[in-house]
Amino acid sequence: MRNGTGPSTRTGGRRRSRCPHAVLAAAAVLATSGVTALGAVGPSAVAGAATAPPSTKVVPSACGLSALAKARQPVQITMWHTMTQTNNTWLQNSVKHFNGMQHQVHVNLVQQPDYPSEFVKYKAGLTSGDLPTLAQFEDTTVQQLVDSHSTVPVQDCIAASHYKTNDYLPRALAFYRYHGVQQSMPWSVSNVIMYYNPIDFQKAGLNPNKPPQTFAQVTADSKKIVAAHAATHGIALPAKPYVFEFLLAKSGGEYVNNGNGRKARATQANLTSPTAMKVWNWWNQLLTSHLALATGSDPNNIDHLIAIATGNAAMTFEASGVIGPAEAVLASGQYPGVQIRTAPLPALATGGGVPVGDGSLWISAHASLAQRAAAWKLIAYLDSPEQQASLAAEGGYVPIRRSATKLPVLVQRWTSDPNYEVGYTQLTTGTLSNANIGSLIGDYQGVRNAVADGLEQMVANKMSPKKAAAFAENEANTAIENYNSRIGAN
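What follows is the structure in structure tokens.
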């Protein structure tokens with residue numbers, strides 16, 4: 027959620043986000059060496075993007091179901107993915123089972139290093155022809171992929187197969203929808219949640235079963251934690267733009283204009299809106315009062331998580347997909363006496379919701395009709411309640427189907443470890459709105475770069491929240507305008 031969902035790095039003067047998988051890998055490395063998160067690709071438009079507006083017409087025949095029925099079988103397809111470690115093992119086993127249970131389709135998996143690298147390779151493939159039949163892309167690429175005219179909207183297959191979507195979480199579907207047309211199917215989704223040490227709460231005389239739900243409560247609890255010397259700081263604040271983005275969404279704020287890019291193409295950022303300013307001000311107040319620890323935005327920086335383990339902070343924010351690695355580190359005994367619990371993000375007020383982050387499945391328009399249908403058959407399998415329950419239990423992803431939460435494998439996981447359920451709870455909380463559906467932005471990463479720069483200005487240069495927000499908004503607007511101009515959308 028939307029990597030969904032992340033940590034960023036400077037490349038050629040720009041910052042590149044990392045997805046939750048990259049954070050998972052970093053956490054695992056930490057575990058062995060001694061714990062989108064919701065990221066995006068670079069700022070350039072997809073190579074070969076057409077200037078014509080994306081079509082919103084549903085064409086069931088484009089899914090190729092009849093072609094698959096007539097094709098010599100099995101039809102070979104290639105799926106690009108970014109699953110790592112235990113999630114990669116899970117996917118390999120799942121696809122092996124799929125290949126063995128039927129003979130119409132045979133899937134060849136190709137693992138990519140991470141979301142940014144995958145999308146760079148995909149853009150190059152639009153010229154070279156080296157393209158997958160099906161690919162797992164992150165949440166921040168939706169507008170670019172739609173603009174590229176290089177994919178087949180899965181709405182074609184939904185219509186062709188009379189596929190029922192009423193069991194899906196509405197917000198999970200809505201994020202990957204463009205002007206009423208489902209472009210891709212949610213699959214490996216996550217979102218940003220709170221992590222905290224319940225022992226620190228107990229030391230401060232706080233109820234560990236009642237973590238803060240609002241910004242004001244985070245501030246109040248942080249004061250008690252610091253006063254009691256339960257931890258050096260109440261909370262560790264990573265200057266990661268996806269954290270700001272999710273806090274804003276849960277507080278009811280829209281990231282960009284035109285209904286978060288849902289009513290019309292986004293042309294300006296909303297980083298100085300009244301709601302956004304409340305987030306900027308709260309963030310700054312925590313830092314200037316020394317209740318929060320600033321941990322930066324370096325891509326390999328997981329100091330906000332380490333801060334909990336070392337007693338430097340009692341709370342922080344991170345993607346829900348990090349639960350497994352974080353628990354594995356603690357289980358290794360490296361940080362004795364430290365516990366980790368998860369909770370929904372705080373917001374200006376209770377009752378808000380968050381968007382999804384991380385991965386959805388896209389069908390390539392460069393695939394043959396039979397291959398498109400074969401890809402759809404794999405999507406239906408991976409999105410089945412059984413597979414969703416298994417993936418959620420194994421890797422901490424949020425199940426996108428309600429019925430998946432009733433299956434024994436996931437019921438048992440959530441019962442034995444409630445930390446895994448928080449991402450789902452958060453994704454089903456709050457009335458559906460453009461704020462919590464999530465934003466569509468062409469140069470999504472450019473906007474996130476701007477937010478990170480604004481946050482860093484407050485820390486490094488002591489810039490006021492008002493000036494930092496204006497600085498970030500100006501930078502974001504330039505990125506949005508440049509992208510729209512490049513593809514002829516201005």
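In our numbering, the protein residues as written are 27 to 516. From the three backbone atoms N, C-alpha and C, an ideal C-beta is built for every residue, glycine too.
*Cβ-Cβ distance between Glu164 and Ala461 below 8 Å*: Taking the first residue of the sequence shown as 1, we reach residue 164 at position 138. Taking the first residue of the sequence shown as 1, we reach residue 461 at position 435. Cβ atoms of Glu164 and Ala461: not closer than 8 Å.
*Take the Cβ of Asp469 as the centre, count every other Cβ of all protein chains shown within 10 Å, and call the residue buried at 16 or more, exposed below.*
Counting from 1 along the sequence shown, the entry for residue 469 is found at position 443. Under this definition Asp469 is a buried residue.
_For Thr108, count the other beta carbons within 10 Å of its own beta carbon; 16 or more makes it buried, fewer makes it exposed. Which is it?_
By 1-based counting over the sequence shown, the position of residue 108 is 82. The Cβ neighbour count for Thr108, taken over all protein chains shown within 10 Å, is at least 16; the residue is labelled buried.
_Cβ-Cβ distance between Ala393 and Val131 below 8 Å_ = The residue labelled residue 393 in the question sits at position 367 within the sequence shown. The residue labelled residue 131 in the question sits at position 105 within the sequence shown. Not in contact: Ala393 and Val131 (Cβ atoms no closer than 8 Å).
_On the criterion of 16 or more Cβ atoms from any shown chain inside 10 Å, does Gly206 qualify as buried, or is it exposed?_
Here the question's residue 206 lines up with position 180 in the sequence shown. By the 10 Å Cβ count, Gly206 comes out exposed.
_Excluding the 5 residues flanking Ser323 on each side, which residues of the same chain have their C-beta closer than 6 Å to its C-beta?_
Within the sequence shown, residue 323 is the residue found at index 297, counting from 1. Taken in chain order, the residues that qualify are Ser34, Ala265, Lys266, Ala478.
*Given that a residue counts as buried once 16 or more other Cβ atoms are within 10 Å of its Cβ, and exposed if not, what is Pro362?*
Position 336 of the sequence shown holds residue 362. The residue in question, Pro362, is exposed, as its Cβ has fewer than 16 Cβ neighbours within 10 Å.
*What's the gap between the Cα of Ala54 and the Cα of Glu353?*
As a position in the sequence shown, residue 54 is number 28, starting the count at 1. As a position in the sequence shown, residue 353 is number 327, starting the count at 1. Note on Ala54: pLDDT 34, under 50, position unreliable in the model; the coordinate value appears next. One Cα belongs to Ala54, the other to Glu353, and the distance between them is close to 11 Å.
_Neighbourhood of Leu433 by C-beta, 8 Å cutoff - its chain only, sequence neighbours within 5 removed_ = Along the sequence shown, one-based indexing puts residue 433 at 407. Cβ neighbours of Leu433 beyond the five flanking positions: Pro411, Glu412, Ala415.
*Bridge partners - Glu344, DSSP secondary structure assignment*: Residue mapping note: residue 344 aligns to position 318 of the sequence shown, counting from 1. According to DSSP, which records beta bridges pairwise, Glu344 is partnered with Ile219.
_Does His175 come out as helix, strand or coil in the three-state DSSP assignment?_
Residue 175 sits at position 149 when you count from the first residue of the sequence shown. The answer is coil: DSSP assigns His175 none of H, G, I, E or B.
_Closest residue to Trp388 among Asn113, Asn119, Leu157 (Cα-Cα distance)_ = The residue labelled residue 388 in the question sits at position 362 within the sequence shown. Comparing Cα-Cα distances from Trp388 to each of Asn113, Asn119, Leu157, the minimum goes to Leu157.
*Buried or exposed (CB count within 10 angstroms, at least 16 for buried), Leu453*: Walking along the sequence shown from the start, residue 453 turns up at place 427. With 16 or more Cβ atoms within 10 Å of its Cβ, Leu453 is classed as buried.
_Restricting to Cα atoms, I'd like to know which of Pro142, Ala186, Phe241, His175 is closest to Gln311._
Numbered from 1 along the sequence shown, position 285 holds the residue referred to as residue 311. Comparing Cα-Cα distances from Gln311 to each of Pro142, Ala186, Phe241, His175, the minimum goes to Phe241.
_Using the Cβ count rule (16 or more neighbours within 10 Å means buried), how would you classify Asn283?_
Mapped onto the sequence shown, residue 283 falls at position 257. That one is buried.
*If we count the other Cβ atoms within 10 Å of its Cβ and call it buried at 16 or more, is Val485 buried or exposed?*
Indexing the sequence shown from 1 puts residue 485 at position 459. With 16 or more other Cβ atoms within 10 Å, it is buried.
*Identity of the residues DSSP links to His107 by a beta bridge*: For the purposes of this step, residue 107 is taken as residue 81 along the sequence shown, with counting starting at 1. Checking the DSSP bridge columns, you'll see His107 partnered with Gln137.
_Taking only three categories from DSSP, how would you classify Val305?_
In the sequence shown, counting from the first residue as 1, residue 305 sits at position 279. Val305 falls in the helix class under three-state DSSP.
*Indicate, with yes or no, if the ligand NAD has a heavy atom lying under 7 Å from the CB of Ser416.*
Of the ligands one can find in the structure shown there are none, so the ligand NAD has no counterpart to examine.
*Per DSSP, which residues does Trp388 bridge with? Please list them.*
Here residue 388 corresponds to residue number 362 of the sequence shown, with the count starting at 1. According to DSSP, which records beta bridges pairwise, Trp388 is partnered with Ala161.
*Determine the direct distance from the alpha carbon of Gln471 to that of Ala63, and round the result to whole angstroms.*
The sequence position of residue 63 within the sequence shown is 37, counting from 1. The sequence position of residue 471 within the sequence shown is 445, counting from 1. Annotation note: pLDDT 40 at Ala63 (below 50); position unreliable, coordinate value reported separately. Rounded to the nearest angstrom, the two C-alpha atoms are 13 Å apart.
*Can you grab the Cα-Cα spacing for the pair His330 / Gln397, in whole Å?*
Locating residue 330 in the sequence shown gives position 304, where the first residue counts as 1. Locating residue 397 in the sequence shown gives position 371, where the first residue counts as 1. One C-alpha to the other measures close to 44 Å.
*Does the segment 234 to 248 touch the segment 372 to 385, meaning 3 or more C-beta pairs lie closer than 8 Å?*
Yes: the two stretches touch, three or more of their Cβ pairs being nearer than 8 Å.
*What first and last residue would you give for the alpha helix (DSSP H) that runs through Thr441?*
Translated into positions along the sequence shown, residue 441 becomes position 415. Start and end: 434 to 442.
_Given a cut-off of 8 Å on the beta-carbon distance, is the pair Ile261 and Thr342 in contact?_
One-based indexing of the sequence shown puts residue 261 at position 235. One-based indexing of the sequence shown puts residue 342 at position 316. Taking 8 Å as the Cβ cut-off, Ile261 and Thr342 qualify as a contacting pair.
*Residues in its own chain within less than 7 Å of Thr349 by CB, not counting five upstream and five downstream?*
Locating residue 349 in the sequence shown gives position 323, where the first residue counts as 1. Here residue 349 is Ile; the residue named in the question, Thr, does not match the sequence. So the list reads Thr368, Gly422, Asn445, Tyr446, once near-sequence residues are dropped.
*Find out if the Cβ-Cβ distance for the pair Tyr141, Ala161 is shorter than 8 Å.*
As a working note, residue 141 is residue 115 in the sequence shown. As a working note, residue 161 is residue 135 in the sequence shown. Against a cut-off of 8 Å, the Cβ pair of Ala161 and Tyr141 comes out as no contact.
*Proximal residues to Asn307 (C-beta, below 7 Å), its chain only, five neighbours per side dropped*: Start at 1 with the first residue of the sequence shown, and residue 307 comes out as number 281. Within the same chain, Asn307 has close Cβ partners Pro491.
_Spatial neighbours of Ala419 in its chain, beta-carbon cut-off 7 Å, leaving aside the 5 residues before and after_ = Translated into positions along the sequence shown, residue 419 becomes position 393. Val435, Leu436, Arg439, listed in sequence order.
_the segment 181 to 192 in contact with the segment 96 to 112 per 3-pair CB rule at 8 Å_ = no
*When burial is assigned at 16 or more other CB atoms within 10 Å of the CB, is Ala76 buried or exposed?*
Translated into positions along the sequence shown, residue 76 becomes position 50. For Ala76, the predicted structure reports a pLDDT of 48, less than 50, and the residue's modelled location is therefore unreliable. The matter cannot be settled from this model.
*Pick helix, strand or coil for Ala75, following the three-state DSSP scheme.*
For this step, residue 75 is matched to residue 49 along the sequence shown. Confidence at Ala75 is low in this model, with a pLDDT of 48, below 50, so its placement is unreliable and the value that follows should be read with caution. Here Ala75 sits in coil by DSSP.
*Note down the Cα distance separating Phe497 from Val269, rounded to an integer number of angstroms.*
Mapped onto the sequence shown, residue 497 falls at position 471. Mapped onto the sequence shown, residue 269 falls at position 243. Near 18 Å, if we compare the C-alpha coordinates of Val269 and Phe497.
*For Ala150, count neighbouring Cβ atoms within 10 angstroms of its own Cβ and tell me buried if that reaches 16, exposed if not.*
Here residue 150 refers to the residue found at position 124 when the sequence shown is read from its first residue. Within a 10 Å sphere around the beta-carbon of Ala150 sit fewer than 16 other beta-carbons, which makes this residue exposed.
*Can you tell me whether Gly514 is buried or exposed, with buried defined as 16 or more other CB within 10 angstroms of its CB?*
Position 488 of the sequence shown, counting from 1, holds the residue named residue 514. Gly514 comes out exposed.
*asked:* Let's test the definition: count the other Cβ atoms within 10 Å of the Cβ of Leu408 and tell me whether it reaches 16, buried, or not, exposed.
replied: Counting from one through the sequence shown, the residue named residue 408 turns up at place 382. Classification of Leu408: buried, given that the 10 Å Cβ count is 16 or more.
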